[in-house]
Every structure is written in structure tokens, then in C-alpha cells.
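Structure first, commentary second.
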Amino acid sequence: MNEYQTVGEFTRYLKLMFDTSTKMRHVLLKGEISNFKGHSTGHLYFSLKDETSKINAIMFSSNARKLKFMPQEGTKVLVSGRVSIYEATGSYQIYVEDMLEDGIGNLHIEFEKLKKKLFNEGLFDPKHKKKIPKYPKRIGVITAQTGAAIRDILSTIKRRYPICETILFPCLVQGELAKDDIVKQIKEANKYELDVLIVGRGGGSIEDLWAFNEEIVANAIYESTIPIISAVGHEIDFTIADFVADLRAPTPTGAAEMAVPNMSDLTNLINNFQIRLNKQITNNIVFHQSRLKSIKESYVLQNPLAVYEIKEQRLSNMINELNTYITHKISFSENRYSHIKESYILNNPDELITKKKNDFTLLINKLELLNPLSILSKGYSVVSKESKIIKDNTELKKGDIINIRLNKGTVDAKIEKVGS
Amino acid sequence: MEKKKFEELMDDLEKIVKELENGDVDLEASIEKYTKAMNLVKICGDKLNSASESVNKILKENGSLEDFQLEDNQ
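Here the protein sequences line up with chains E and A, keeping their order. Residue numbering for the first sequence follows our numbering, starting at 74 and increasing by one per position. Residue numbering for the second sequence follows our numbering, starting at -2 and increasing by one per position.
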């Protein structure tokens, strides 16, 4: 009988085998989520499956809290964790420690490809952007009928600009069917007289927001004749819809704020216009009044004869000025004439002649001094050979014939000896 | 003037206020502008104040518009 072990013993044995195996402690798996169940405690229960197999999985709330996306039925995921046995059912399961969305990389590539394509097609061109009216009467909203987005949009509009009417065009905002639904409602909304359309949804994972990255949605936004404000996810989320829309809002609340003015701002603005108008017209009237007053009080209007008096005075001033000028001119000319008449030179002409003679003699003497031959009269002679003036005895040798010019006449001479 | 949209009325109003502030000194012209602008102030103010709170509507699948109320528990 001792050969038989209890189920418990065997299960514990198996569990020990699992728990002591390094391979079982660090398992990396990829698969698709099914039978997903989020427990109120925060623990997640689900299965991972592929075409051939299935494994149960549990993710405790301490790990689930750190997830960067909302796992759900059908999500393709990459998980890491340990595999162990749950004794009560004898089933093995993976205790998931971390989980990532699979295929996100592919989505990013797809996003960039479509963004480039639509950019080249001109869908993002600012020249196609329609102006958002400042004071809309009726706004269309295309989003899910329930959830934070519609609540935020409607409450913001009600708070800021309650006189604006809204029409909700409910649609799916995630999943495979969402894109067609969004397109259908954008087209439907264009049949109504709306000033602006808000198209969007609340935050979520990149896969949740994916409908807003679909080409048909982009085209529907582009073709809408009603201006569109996009409001997809959070501030950091950018979708293709945001690039095509006439205006991108960071959040649904932001979209509502961009779509409608603030009622109290508007009332203040009108009051301000009124104050400025009154101030301006008062200023203008006061200006004209004071101008009229100053004209009425002007000297001329008070003393009409003064105009005549002023002119008469000016005339007499001018006559005086003219007289003074002429008198001055005559006396100046007289002075000049008598001054010339009484000049010394006109009265002593001989003096001028004597002075000129002296100047002439002086000049002759100066010229005499400068004559090169005048030096010979003092006893100097000039020696030359063959018409060349000799200044140095090296130019001469014994037997040369030289010519000597004296003060009076010349002599030829023969060199006897040349000194050192 | 009543036929114009609120936005156009506000734009007209703003334009006149700026014209007056930019030193249009001709008295008759400015009084005429002032009268026109004060009339716009009244029309715009009335439009804002008289407009009642609008209802939210939803397009149902059968194509009809019905009043839309957010669910209280949201």
C-alpha cells in the first residue's frame, strides 16, 4: 500500500519540480489573450493561446498596476513570468510578471507610412484647413455615446457657452468596426447644418486609438465641408486624424474649449466695447466743444478792428525800414568816396616814382651778383681742356694743352708737371 | 442687420470701435458711427441674453433626433 502516494503528495512533488527548475522560473511567451477577466481585487485572469495550444495565466494586481495598456480579449501580447502548479486544481499556469503588446512596432511603421503618404497627397496642407467659427450655434460631436469623452465635451460646452446646441452622432471608437462607423457618422453629420464637428475619443492604448489612424477616416475628415476639431486621447497622443483635422485639440475637453467661446468673456467683451465707445464719443464731443470755445474767445473775434490795426502797423513798419535802409546806403557810399579821394598816394604821386626807381637798382645789383663771370674780376681764372672745365689735376697729364680764361682775355698753356 | 450672424455683428462692432479710437475727428461721422455701434452692442447683448440654454440631441439609428441626456452614473 505504501507504493501509493496521495494526489496531494504527488501534486506537491510536481510543484517542487516546477519551482526548482530555472527554466520554469523565467518563461517568455507570446500569444493572444482569451477568457480575459479583470477581478475587482485588480488581479487579471486570462488564457494565452495560439493556433495549437493554450495556457492559463494570472497577473497579480501588484504587477497589473504597472501595465501601460489595457489588456483585453484578443490582444496579442508578450509575457514574462514563472510557471507553477496550482495545487487545488492540479493545473499548471503562468504567473505573469510583465506583459507588453505584441505588434506595436508594426503599428508604428504603418502609422509613419500612412502619415507620409497622406502628407504627400496634401491632406495635411494648411491651405485646406477650414476656419473654426468663433460663435457656433450648433456643434456636432462624433464619439462614443458613453464614456469620458462625450461627458467632458458636453459639460465643457454647457459651462462655457450653454446657448450652443449639440448633436451627438454616436459611433464605435475602437475595434475593427470603428473606422467604418466614424466615416459613416462624419458623412451623416455633413447633412446637418452644423458650425463645427468634434471628432474623437478618450485616452487609450495605441491599438484603442487605431481607428483614428485609418486612411478612410483621414479621407472622411478631409472631405468634410464642416470644419473639424480632432480630439483623440491625451495631450501626448498624435493620430493621423489630428494631422488632417482643421484643428487639433489635446483632449476632448480641450476640443470643447476651442469650439465655443466663454459666455462671460463674451459679455465682458461687449461691455468693454460699450465703455470704449462712450469714452471715445465723449472725448470727441469735448474736443469739439473746447475747440469751438477757443475760437469764440480768439482775439480777432473779440476785437474785429484789430485786424485793420495790425495791417496798418505793419505797413508803417515797412516804410520805416525802407527809409533806414536807403539813408544807410547813401552815407556808406559817401564815406567810401571821400576815403579814396583823401588817400596818401593820390596826393603824393612823386613818392611812388622814386620808390619804383630804387626797387629797380636793387634788382640790377642782385642780378650782377649772380653772374658767374663777375667772380673773375676778383682775380680768379677758369681752366679748361678741350672746352671741358677742369676741377681736378687727375684730369690732366704732362703735355696737355689747357686754356685759361682770365678776367680779360684767354691764354693757352702746356702742362709741365702734374702735382700730387 | 438682424439677418447677420452673431460673429459678423461682433466683427462689425469691433471694427467701428477701433475706427473711432483711431482718431476719426469728424464729429458728424463719429456720432453716426457711435449710434450704429451702440445699436450693435444692444443687438449682440440681446442675442446672448435672450438665447435660452440649448438642448443636447442625439442621432438615433432610425435617423431621428432625440434629446440626449448623459447617464447620471457617468
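Ideal Cβ positions, reconstructed from N, Cα and C, are used throughout, including at glycine. In this text the structure is predicted, and so the values were computed from the model without any measurement.
Exercise for the section: Work out the CA separation of VAL38 of chain A and SER51 of chain A for me, nearest whole Å. Expected result: Straight-line Cα distance between these residues: approximately 23 angstroms.
Problem - Residues near ALA161 of chain E in its chain [Cβ-Cβ closer than 6 angstroms; skip 5 each side] - result: Short of 6 angstroms from the beta carbon of ALA161 of chain E, and not among the five residues preceding or following it, lies no beta carbon of its own chain.
Practice task
Please name the residue in E:ASN286, E:THR229, E:GLY275, E:GLU266 whose C-alpha comes closest to that of VAL256 of chain E.
Solution key: It is E:ASN286.
Practice task
Assign GLU183 of chain E to buried or exposed, taking buried as 16 or more other Cβ atoms, counted over all protein chains shown, within 10 Å of its Cβ.
Solution key: Looking at its Cβ environment, which holds fewer than 16 other Cβ atoms inside 10 Å, GLU183 of chain E is exposed.
Exercise for the section: Check each residue of the segment 349 to 381 of chain E: if its Cβ is closer than 8 angstroms to any Cβ of chain A, include it; give the result in chain order. Expected result: Within the segment 349 to 381 of chain E, the residues whose Cβ lies closer than 8 angstroms to some Cβ of chain A are ARG349, LEU350, GLN353, ILE354, ASN357, ILE358, PHE360, HIS361, listed in chain order.
Practice task
Kindly identify the DSSP beta-bridge partner or partners of GLU82 of chain E.
Solution key: The partner list for GLU82 of chain E (beta bridge, DSSP) is empty, contrary to what the question assumes.
Practice task
Would you mind telling me which residues of chain A sit closer than 8 angstroms to TYR208 of chain E, beta carbon to beta carbon, in chain order?
Solution key: Below the 8 angstroms Cβ cutoff, chain A contributes LYS2, PHE3, GLU4, MET7 as neighbours of TYR208 of chain E, in chain order.
Exercise for the section: Out of E:LYS127, E:LEU378, E:SER153, point me to the one whose CA is closest to ASN136 of chain E's CA. Expected result: The shortest C-alpha separation from ASN136 of chain E is found at E:SER153.
Handout entry: N-terminal and C-terminal residue of the alpha helix (DSSP H) that GLY306 of chain E is part of
Key = For GLY306 of chain E, no alpha helix (DSSP H) run applies, since DSSP gives it neither H nor E.
Problem - Any chain E beta carbon closer than 8 angstroms to LYS54 of chain A - result: LYS54 of chain A has a beta carbon lying within less than 8 angstroms of a beta carbon in chain E.
Exercise for the section: Kindly indicate if chain A contains any beta-carbon less than 8 angstroms away from that of GLN347 of chain E. Expected result: Yes, contact with chain A.
Exercise for the section: Pick helix, strand or coil for ILE265 of chain E, following the three-state DSSP scheme. Expected result: It should be pointed out that residue 265 of chain E corresponds to Tyr in this sequence rather than to Ile. DSSP, reduced to helix, strand and coil, places TYR265 of chain E outside both helices and strands of the structure shown, so it counts as coil.
Exercise for the section: Look up TYR234 of chain E in the DSSP assignment and say whether it is helix, strand or coil. Expected result: Correct three-state label for TYR234 of chain E: coil.
Practice task
Find out if the Cβ-Cβ distance for the pair SER107 of chain E, SER120 of chain E is shorter than 8 angstroms.
Solution key: Yes, they are a contact pair.
Problem - Cβ-based contacts, 9 angstroms cut-off: residues of the segment 259 to 279 of chain E near chain A - result: If you check each beta-carbon in the segment 259 to 279 of chain E against every beta-carbon of chain A, the ones closer than 9 angstroms belong to GLU261, ALA262, TYR265.
Problem - Interfacial residues, the segment 240 to 256 of chain E to chain A, with Cβ spacing under 9 angstroms - result: Per Cβ criterion, the list reads ILE240, LEU241, PHE242, PRO243.
Problem - At least 3 beta-carbon pairs within less than 8 angstroms: the segment 287 to 296 of chain E vs the segment 314 to 321 of chain E - result: These segments touch.
Exercise for the section: Work out the CA separation of VAL305 of chain E and ILE19 of chain E for me, nearest whole Å. Expected result: No answer is possible for residue 19 of chain E: the residues shown for chain E start at 74 and end at 493.
Exercise for the section: Report yes if the C-beta distance between GLU100 of chain E and MET132 of chain E is below 8 angstroms; otherwise report no. Expected result: The question names Glu, but residue 100 of chain E is Val in the sequence shown. Contact: no.
Handout entry: PHE91 of chain E vs GLU146 of chain E beta-carbon contact at 8 angstroms
Key = Inclusion of PHE91 of chain E and GLU146 of chain E in the CB contact set at 8 angstroms is not warranted, their separation being larger than that value.
Problem - LYS54 of chain A - partner residues in DSSP beta bridges - result: According to DSSP, which records beta bridges pairwise, LYS54 of chain A is partnered with E:ILE240, A:ASP64.
Exercise for the section: Taking GLY154 of chain E as part of the beta strand (DSSP E), name the residues at either end of that continuous run. Expected result: Residues 149 to 159.
Practice task
Specify the secondary structure class of MET132 of chain E as computed by DSSP and reduced to three states.
Solution key: The three-state reading of DSSP puts MET132 of chain E in strand, counting E and B together.
Exercise for the section: Taking 8 angstroms as the cut-off, decide whether the C-beta atoms of ASN335 of chain E and TYR234 of chain E are in contact. Expected result: Against a cut-off of 8 angstroms, the Cβ pair of TYR234 of chain E and ASN335 of chain E comes out as a contact.
Practice task
Between the Cα of LYS57 of chain A and those of E:LEU241, E:VAL80, E:ILE167, spot the shortest distance and give me the residue it belongs to.
Solution key: Nearest neighbour of LYS57 of chain A by Cα position, chosen from E:LEU241, E:VAL80, E:ILE167, turns out to be E:LEU241.
Exercise for the section: Starting from GLY213 of chain E, trace the alpha helix (DSSP H) both ways and give me its first and last residue. Expected result: From DSSP, GLY213 of chain E is part of no alpha helix (DSSP H) but of the beta strand (DSSP E) over 211 to 216.
Exercise for the section: Under 6 angstroms Cβ to Cβ from ASN53 of chain A, same chain only, skipping five residues before and after it: list those, please. Expected result: For ASN53 of chain A, where only same-chain residues beyond five positions count, the Cβ hits under 6 angstroms are PHE65.
Problem - Neighbour flag for THR340 of chain E against chain D, beta carbons, 8 angstroms - result: The structure shown has no chain D; the protein chains it does contain are E and A.
Practice task
Taking only beta-carbon positions, decide if GLU25 of chain A is within less than 8 angstroms of chain E.
Solution key: Closer than 8 angstroms: no.
Handout entry: N-terminal and C-terminal residue of the beta strand (DSSP E) that ILE508 of chain E is part of
Key = Residue 508 of chain E lies beyond the residue range present for chain E, which begins at 74 and ends at 493; the question has no answer from this structure.
Handout entry: CB contact check: GLU330 of chain E to chain A, cutoff 8 angstroms
Key = It does not: the Cβ of GLU330 of chain E has no partner Cβ on chain A nearer than 8 angstroms.
Handout entry: Cβ neighbours of LEU140 of chain E in the same chain (closer than 7 angstroms, five flanking residues each side left out)
Key = Closer than 7 angstroms at the Cβ level, and outside the excluded window around LEU140 of chain E, lie MET172.
Exercise for the section: Run down chain A in chain order and give the residues with a C-beta less than 8 angstroms from the C-beta of GLU238 of chain E. Expected result: The contacting residues are SER51, VAL52, ASN53, LYS54.
Exercise for the section: Compute the Euclidean distance between the alpha carbons of GLU(-1) of chain A and LEU6 of chain A, then round it to the nearest angstrom. Expected result: Caution is warranted here: a pLDDT of 48 is assigned to GLU(-1) of chain A, below 50, making its placement in the model unreliable, and no coordinate value can be reported.
Handout entry: chain E contact residues for GLU11 of chain A, given Cβ-Cβ distances below 8 angstroms
Key = Contact annotation for GLU11 of chain A against chain E: PHE346 [CB-CB distance below 8 angstroms, chain order].
Problem - Alpha carbon of ASP423 of chain E to alpha carbon of TYR398 of chain E, nearest angstrom - result: Approximately 41 angstroms between the Cα atoms of the pair.
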